[in-house]
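Undergrad:
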Amino acid sequence: MLWMNASRASIKEEHPDAKVTDIGRIAGAKWKEMDAEAKAPWDAKAKADKERYEAEMKAYKAKQRASLAADDSDSSEAAAPAKPAAGSDSDSD
Numbered sequence: 001m002l003w004m005n006a007s008r009a010s011i012k013e014e015h016p017d018a019k020v021t022d023i024g025r026i027a028g029a030k031w032k033e034m035d036a037e038a039k040a041p042w043d044a045k046a047k048a049d050k051e052r053y054e055a056e057m058k059a060y061k062a063k064q065r066a067s068l069a070a071d072d073s074d075s076s077e078a079a080a081p082a083k084p085a086a087g088s089d090s091d092s093d
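In my numbering, the protein residues as written are 1 to 93.
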């Protein structure tokens, strides 16, 4: 995807009447024709981006869990009915 995003403009120049689906097909064919040496920098960028994504997702999920845990503790305290004090006359009417 990174290579395709970077190459989209030049593909569009080469094929000005191409639709989005055509550009995807052409890009796929060009990628398939590339040798491993030409793909290596793009594979490295994709790997780095995947690592970034996983680190950000891990932090996001940890933040979500912490937020849910805080909400649960707040709501359990607020949802619990207040117990009448011992010896109160609220039930003796």
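Just so it is clear, CB atoms sit at the ideal spot from N, CA and C, and this is done for glycine as well.
Keep in mind that this is a model prediction, so the values were computed, not measured.
Using a Cβ-based criterion (distance less than 6 Å to any ligand heavy atom), does Glu56 qualify as near the ligand ZN?
TA: Among the ligands in the structure shown, none appear at all, so the ligand ZN cannot be discussed.
Undergrad: Helix, strand or coil: which one does DSSP assign to Lys63?
TA: helix
Undergrad: Given Trp3, which residues of its chain have a CB within under 7 Å of its CB, disregarding the five upstream and five downstream residues?
TA: Trp31 and Trp42
Undergrad: Under 8 Å by Cβ, that's how I've got Ile11 and Ala27 pegged, so tell me the actual separation to the nearest angstrom.
TA: About 6 Å separates the two Cβ atoms, so the contact holds.
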